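Everything on this sheet refers to the single structure shown next.
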Amino acid sequence: MPDQPRGVILHVEDEESQRESLATLLAVESFEVHQAADGAAVPSLARQLGGRLDVLIVDYHLGGFGQSSRNGGSGTDVAEELSVLLGHAIPTIMLTGDVANCEIPILSYAPVWVARKPLDPRVLLAGLPALVEFRRGVSRVSSGR
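Each residue of the sequence shown is one higher than the last, beginning at 953 in the numbering used here.
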(Lines of atoms letter the chains of each structure in order from A and count residues from 1; the text may use other names and numbers.)
(Lines give C-alpha, C1' and ligand atoms only; values in the text may rest on other atoms or scores of the structure.)
Protein backbone atom coordinates (compact mmCIF):
# COMPACT_ATOMS: atom_id res chain seq x y z
CA MET A 1 0.00 0.00 0.00
CA PRO A 2 1.37 3.46 -0.88
CA ASP A 3 2.17 6.00 1.85
CA GLN A 4 -0.82 8.09 0.79
CA PRO A 5 -4.14 6.37 0.19
CA ARG A 6 -5.81 6.91 -3.19
CA GLY A 7 -8.76 8.31 -1.26
CA VAL A 8 -10.48 8.20 2.12
CA ILE A 9 -13.84 6.45 1.94
CA LEU A 10 -16.64 6.13 4.49
CA HIS A 11 -18.93 3.19 3.74
CA VAL A 12 -22.24 2.96 5.61
CA GLU A 13 -24.02 -0.35 5.04
CA ASP A 14 -26.20 -2.37 7.41
CA GLU A 15 -25.43 -5.73 5.77
CA GLU A 16 -22.14 -6.92 7.24
CA SER A 17 -21.12 -9.18 4.34
CA GLN A 18 -21.54 -6.34 1.83
CA ARG A 19 -19.72 -3.91 4.11
CA GLU A 20 -16.79 -6.28 4.61
CA SER A 21 -16.45 -7.29 0.96
CA LEU A 22 -16.42 -3.67 -0.23
CA ALA A 23 -13.91 -2.73 2.48
CA THR A 24 -11.62 -5.53 1.33
CA LEU A 25 -11.90 -4.50 -2.32
CA LEU A 26 -11.15 -0.85 -1.56
CA ALA A 27 -8.25 -1.65 0.77
CA VAL A 28 -6.66 -3.89 -1.88
CA GLU A 29 -6.98 -0.95 -4.30
CA SER A 30 -5.13 1.33 -1.82
CA PHE A 31 -8.10 3.30 -0.50
CA GLU A 32 -8.39 4.06 3.22
CA VAL A 33 -11.77 2.65 4.26
CA HIS A 34 -13.86 3.43 7.33
CA GLN A 35 -17.05 1.48 7.94
CA ALA A 36 -20.29 1.90 9.81
CA ALA A 37 -23.28 -0.40 10.12
CA ASP A 38 -25.68 2.54 10.39
CA GLY A 39 -25.79 6.28 10.59
CA ALA A 40 -25.44 6.37 14.37
CA ALA A 41 -21.66 5.97 14.05
CA VAL A 42 -21.34 8.78 11.49
CA PRO A 43 -20.94 11.73 13.91
CA SER A 44 -17.91 10.20 15.65
CA LEU A 45 -16.40 9.12 12.31
CA ALA A 46 -16.95 12.63 10.93
CA ARG A 47 -15.04 14.10 13.88
CA GLN A 48 -12.27 11.52 13.48
CA LEU A 49 -11.88 11.98 9.72
CA GLY A 50 -12.52 15.71 9.55
CA GLY A 51 -11.31 17.23 6.29
CA ARG A 52 -9.68 14.01 5.09
CA LEU A 53 -12.89 12.29 3.99
CA ASP A 54 -13.19 12.12 0.20
CA VAL A 55 -16.24 9.98 -0.64
CA LEU A 56 -19.27 8.60 1.16
CA ILE A 57 -20.63 5.27 -0.07
CA VAL A 58 -23.96 4.62 1.57
CA ASP A 59 -26.80 2.14 1.29
CA TYR A 60 -30.12 3.90 0.78
CA HIS A 61 -32.14 1.63 3.08
CA LEU A 62 -30.71 1.85 6.59
CA GLY A 63 -32.41 1.26 9.89
CA GLY A 64 -32.22 3.35 13.02
CA PHE A 65 -31.05 6.70 11.68
CA GLY A 66 -32.60 10.03 10.85
CA GLN A 67 -35.95 11.47 11.63
CA SER A 68 -37.27 12.24 8.16
CA SER A 69 -37.31 8.69 6.86
CA ARG A 70 -40.43 6.60 7.03
CA ASN A 71 -38.37 3.46 7.67
CA GLY A 72 -36.17 4.78 10.46
CA GLY A 73 -33.39 6.15 8.30
CA SER A 74 -31.90 6.35 4.88
CA GLY A 75 -28.66 6.99 3.08
CA THR A 76 -30.07 10.40 2.21
CA ASP A 77 -30.32 11.21 5.91
CA VAL A 78 -26.73 10.07 6.43
CA ALA A 79 -25.37 12.13 3.50
CA GLU A 80 -27.19 15.28 4.54
CA GLU A 81 -26.26 14.90 8.22
CA LEU A 82 -22.62 14.27 7.30
CA SER A 83 -22.51 17.49 5.27
CA VAL A 84 -23.84 19.41 8.28
CA LEU A 85 -21.31 17.77 10.62
CA LEU A 86 -18.37 18.49 8.31
CA GLY A 87 -19.56 21.93 7.21
CA HIS A 88 -19.39 20.87 3.55
CA ALA A 89 -20.80 18.12 1.36
CA ILE A 90 -18.90 15.03 0.28
CA PRO A 91 -19.30 13.26 -3.08
CA THR A 92 -21.76 10.48 -2.38
CA ILE A 93 -22.45 7.12 -3.95
CA MET A 94 -25.95 5.97 -2.98
CA LEU A 95 -26.43 2.23 -3.42
CA THR A 96 -29.95 0.87 -3.68
CA GLY A 97 -31.93 -2.00 -5.08
CA ASP A 98 -34.87 0.36 -5.67
CA VAL A 99 -33.58 3.27 -7.76
CA ALA A 100 -37.07 4.50 -8.66
CA ASN A 101 -37.98 5.16 -5.02
CA CYS A 102 -34.65 6.56 -3.82
CA GLU A 103 -34.77 10.08 -2.40
CA ILE A 104 -31.66 11.93 -3.61
CA PRO A 105 -29.81 13.97 -0.96
CA ILE A 106 -29.53 17.71 -1.48
CA LEU A 107 -25.81 18.43 -1.31
CA SER A 108 -24.23 21.73 -2.31
CA TYR A 109 -21.07 21.41 -4.40
CA ALA A 110 -20.91 17.61 -4.32
CA PRO A 111 -22.02 15.06 -6.88
CA VAL A 112 -24.41 12.25 -5.98
CA TRP A 113 -24.17 8.98 -7.90
CA VAL A 114 -27.19 6.73 -7.46
CA ALA A 115 -26.28 3.17 -8.38
CA ARG A 116 -28.33 0.02 -8.47
CA LYS A 117 -27.17 -2.84 -6.25
CA PRO A 118 -25.18 -4.85 -6.90
CA LEU A 119 -22.72 -2.36 -8.37
CA ASP A 120 -20.06 -3.93 -10.57
CA PRO A 121 -16.77 -3.46 -8.66
CA ARG A 122 -14.99 -2.48 -11.87
CA VAL A 123 -17.47 0.36 -12.40
CA LEU A 124 -17.04 1.53 -8.81
CA LEU A 125 -13.25 1.48 -9.09
CA ALA A 126 -13.41 3.35 -12.40
CA GLY A 127 -15.57 6.12 -10.90
CA LEU A 128 -13.96 6.61 -7.49
CA PRO A 129 -10.78 8.47 -8.56
CA ALA A 130 -12.82 11.20 -10.25
CA LEU A 131 -14.96 11.66 -7.13
CA VAL A 132 -11.86 11.82 -4.92
CA GLU A 133 -10.25 14.39 -7.20
CA PHE A 134 -13.49 16.40 -7.34
CA ARG A 135 -13.65 16.62 -3.54
CA ARG A 136 -9.98 17.52 -3.26
CA GLY A 137 -10.31 20.14 -6.00
CA VAL A 138 -13.25 21.79 -4.27
CA SER A 139 -11.26 21.75 -1.03
CA ARG A 140 -8.34 23.52 -2.74
CA VAL A 141 -10.66 26.16 -4.22
CA SER A 142 -12.37 26.68 -0.85
CA SER A 143 -9.07 27.09 0.96
CA GLY A 144 -7.68 29.45 -1.70
CA ARG A 145 -4.84 27.14 -2.78
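Glycine included, C-beta positions come from ideal geometry on N, C-alpha and C. Please read all numbers here as calculations on a predicted model, not as lab measurements.
Span of the alpha helix (DSSP H) around residue i
{"i": "D1135", "result": "Residue 1135 lies beyond the stretch modelled for the chain, which goes from 953 to 1097, so this question has no answer here."}
Contact under 9 Å by Cβ, residue i with residue j
{"i": "L1077", "j": "L977", "result": "yes"}
{"i": "G1027", "j": "V964", "result": "yes"}
{"i": "E1033", "j": "G991", "result": "yes"}
{"i": "L1080", "j": "R1004", "result": "no"}
{"i": "I1045", "j": "L1014", "result": "no"}
{"i": "D1129", "j": "E984", "result": "This structure does not reach residue 1129, given that the chain is present from 953 up to 1097, and the question cannot be answered."}
Simplified DSSP state of residue i, which is helix, strand or coil
{"i": "L962", "result": "strand"}
{"i": "L1001", "result": "helix"}
{"i": "A1067", "result": "strand"}
{"i": "L1080", "result": "helix"}
{"i": "A975", "result": "helix"}
{"i": "M1046", "result": "strand"}
{"i": "P957", "result": "coil"}
{"i": "E981", "result": "coil"}
{"i": "E1041", "result": "Looking at the sequence shown, residue 1041 is not Glu but Ala. DSSP places A1041 in coil when its eight states are reduced to three."}
{"i": "G991", "result": "helix"}
Straight-line Cα distance separating residue j from residue i
{"i": "S982", "j": "V960", "result": "10 Å"}
{"i": "L1001", "j": "R1092", "result": "17 Å"}
{"i": "R1088", "j": "D1006", "result": "7 Å"}
{"i": "F1086", "j": "A1041", "result": "11 Å"}
{"i": "Q987", "j": "V994", "result": "9 Å"}
{"i": "A975", "j": "L962", "result": "9 Å"}
{"i": "S1094", "j": "S996", "result": "24 Å"}
{"i": "P1043", "j": "A1067", "result": "13 Å"}
Delimiting residues of the beta strand (DSSP E) encompassing residue i
{"i": "Q987", "result": "E984 to A988"}
{"i": "I1056", "result": "That residue, I1056, is in no beta strand (DSSP E); it is neither H nor E in DSSP."}
{"i": "V1007", "result": "V1007 to D1011"}
Per-residue burial, residue i [other beta carbons within 10 Å of its own, 16 or more giving buried]
{"i": "G1039", "result": "exposed"}
{"i": "S1060", "result": "exposed"}
{"i": "S969", "result": "exposed"}
{"i": "A1052", "result": "exposed"}
{"i": "S1035", "result": "buried"}
{"i": "G1096", "result": "exposed"}
{"i": "I1009", "result": "buried"}
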